[in-house]
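Residue numbers (my numbering): 10 to 313.
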């Protein structure tokens, strides 16, 4: 199994997904009440999993089942205690008393407060809410997952952590400083987690997807721009399909899957192949140096 991490090549989206592997698995999804998160929640429930939806608001566009495999837990991901409570609630939901899959999905976007300047004598302190939700919130989700997984004796490949990033974490997107910083940042988290060998960890990086959290004006502006460049939206269903793929295939570790228009890739998602370096390059050589186990941070605190 590829834990510890080993680059075994890109994920093939044409491979079939065995959803039966998710029956009675215990899943926690942050931000599962709307947008892509709600699609993930519904996909896991349809596959027979136990699901905890950790969100600041209750579901707005679907009715959860009532057979005891679903629970909503109010959770502001910027509050560490809320995340701890969500994980403890998730542990109680499943008869196994353990968590199998964590989807760190909660995220927001908005106007860029960093590059937006004022004409005041001194700079105004920017609102860092986007960073706090999209990066710090994901870090705290990872912290909670790794904490509770340390008490789970199963091998790492049976513990799956999925990070919601964006193609804004791979491409230069204008006027989106905090959003892009956050999405690039969670790529760094993925690389750190795959080196830690505590679980499988992968990234989902969507292109533009029309969801219920977008305003009509935003949808209209993006849609017109996509049409002008002869592109299209990516599909919610394909994002859910990619998450199901990662959750069920224990061979997938340390990869990033881009959710893309079907006009470009028939299956609607593809391996970014951007978090690995080609053999023979200096970056590959230096990457192997750290993969070999070098870590000066293991020195005592007083010697750092």
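A virtual CB, placed ideally from N, CA and C, is assigned to each residue, including glycine.
Next item on the list: Determine, using beta-carbon pairs with one atom in the stretch 16-27 and one in the stretch 277-285, whether at least three such pairs fall under 8 angstroms.
Entry: yes
Checklist line | Whole-Å CB distance - residue 45 paired with residue 215, under 8 angstroms assumed | finding: Taking the chain shown and counting its residues from 1, the one referred to as residue 45 is at position 36. Taking the chain shown and counting its residues from 1, the one referred to as residue 215 is at position 206. Sure, about 7 angstroms apart at Cβ, within 8 angstroms.
Checklist line | Helix, strand or coil at residue 64 [DSSP, three-state] | finding: Here residue 64 is taken as the residue at index 55 of the chain shown, counted from 1. In this structure, residue 64 counts as strand in the three-state DSSP scheme.
Notebook entry, point to check: Between residue 140 and the rest of its own chain, which residues show a CB-CB distance below 6 angstroms, the 5 nearest in sequence each way excluded?
Noted result: On the chain shown, residue 140 is found 131 positions in, with the first residue counted as 1. Within the same chain, residue 140 has close Cβ partners 187 and 191.
Next item on the list: Compare the C-alpha of residue 71 against each of 41, 78, 57 and 88 and name the closest.
Entry: Along the chain shown, one-based indexing puts residue 71 at 62. For the residues 41, 78, 57 and 88, the minimum Cα distance to residue 71 belongs to 41.
Item checked: Coarse secondary structure for residue 10, derived from DSSP in three states -> If you number the chain shown from 1, residue 10 lands on position 1. Reliability fails at residue 10, whose pLDDT of 48 lies under 50, so the model's placement of it is uncertain and the value that follows must be treated cautiously. If DSSP states are grouped into helix, strand and coil, residue 10 belongs with coil.
Checklist line | Through-space distance from residue 117 to residue 185, alpha-carbon basis | finding: Locating residue 185 in the chain shown gives position 176, where the first residue counts as 1. Locating residue 117 in the chain shown gives position 108, where the first residue counts as 1. Distance between the alpha carbons of residue 185 and residue 117: 12 angstroms.
Next item on the list: Would you mind working out which of 235, 165 and 238 sits nearest residue 207, comparing C-alpha positions?
Entry: Translated into the one-based positions of the chain shown, residue 207 becomes position 198. Answer by Cα proximity: 165.
Notebook entry, point to check: I think residue 198 touches residue 147, with their Cβ atoms under 8 angstroms apart; what is that distance to the nearest whole Å?
Noted result: Locating residue 198 in the chain shown gives position 189, counting from the first residue. Locating residue 147 in the chain shown gives position 138, counting from the first residue. Residue 198 to residue 147, Cβ: 7 angstroms. Contact.
Check: Contact check, residue 251 vs residue 266 under 8 angstroms by CB: the rounded distance?
Finding: Position 242 of the chain shown, counting from 1, holds the residue named residue 251. Position 257 of the chain shown, counting from 1, holds the residue named residue 266. At roughly 5 angstroms, the Cβ-Cβ gap stays under 8 angstroms, so residue 251 and residue 266 are in contact.
Next item on the list: Consult DSSP for residue 266 and reduce its assignment to one of helix, strand or coil.
Entry: The residue you call residue 266 lines up with position 257 of the chain shown. Residue 266: strand per DSSP, three-state reduction.
Check: For residue 49, which residues from the same chain have a beta carbon less than 7 angstroms from its beta carbon, with the 5 sequence-adjacent residues on both sides left out?
Finding: Position 40 of the chain shown, counting from 1, holds the residue named residue 49. So the list reads 38, 41, 112, 114, 249 and 252, once near-sequence residues are dropped.
Next item on the list: Tell me, please, whether the stretch 226-237 touches the stretch 288-302 by the rule of three or more beta-carbon pairs shorter than 8 angstroms.
Entry: no
Checklist line | Between the CA atoms of residue 138 and residue 132 - distance to the nearest angstrom | finding: For the purposes of this step, residue 132 is taken as residue 123 along the chain shown, with counting starting at 1. For the purposes of this step, residue 138 is taken as residue 129 along the chain shown, with counting starting at 1. Whole-angstrom Cα-Cα distance: 18 angstroms.
Margin query: Using a Cβ distance threshold of 8 angstroms, determine whether the stretch 119-136 contacts the stretch 51-58, with at least three qualifying pairs required.
Written below: no
Check: Quick one: does residue 180 have its CB under 8 angstroms from some CB of chain C?
Finding: Here there is only one protein chain, and chain C is not present.
Next item on the list: Give, in chain order, every unbroken run of the alpha helix (DSSP H) that is at least 4 residues long and sits entirely within the stretch 216-245.
Entry: 225-237
Notebook entry, point to check: Taking the alpha-carbon positions, what's the residue 233 to residue 194 distance?
Noted result: In the chain shown, counting from the first residue as 1, residue 233 sits at position 224. In the chain shown, counting from the first residue as 1, residue 194 sits at position 185. Their Cα atoms are separated by approximately 30 angstroms.
Next item on the list: Using 10 angstroms around the beta-carbon of residue 230, count the other beta-carbons present and answer buried if the total reaches 16, otherwise exposed.
Entry: Translated into positions along the chain shown, residue 230 becomes position 221. Result: exposed.
Note to self: Report the CB separation of residue 6 from residue 196 in whole angstroms; it is logged as a contact under 8 angstroms.
What the structure shows: With the chain running from 10 to 313 in the structure shown, residue 6 is simply not present.
Notebook entry, point to check: So is residue 74 buried or exposed if we call it buried at 16+ other beta carbons inside 10 Å?
Noted result: Position 65 of the chain shown, counted from the start, is the residue given in the question as residue 74. Per the 10 Å Cβ criterion, exposed.
Notebook entry, point to check: What span of residues does the beta strand (DSSP E) with residue 169 cover, start to end?
Noted result: Looking up residue 169 in the chain shown gives position 160. Counting along the chain, the beta strand (DSSP E) containing residue 169 begins and ends at 169-173.
Check: Across which residues does DSSP place residue 39 in a beta bridge pair?
Finding: Numbered from its first residue, the chain shown carries residue 39 at position 30. 63, per the DSSP bridge assignment.
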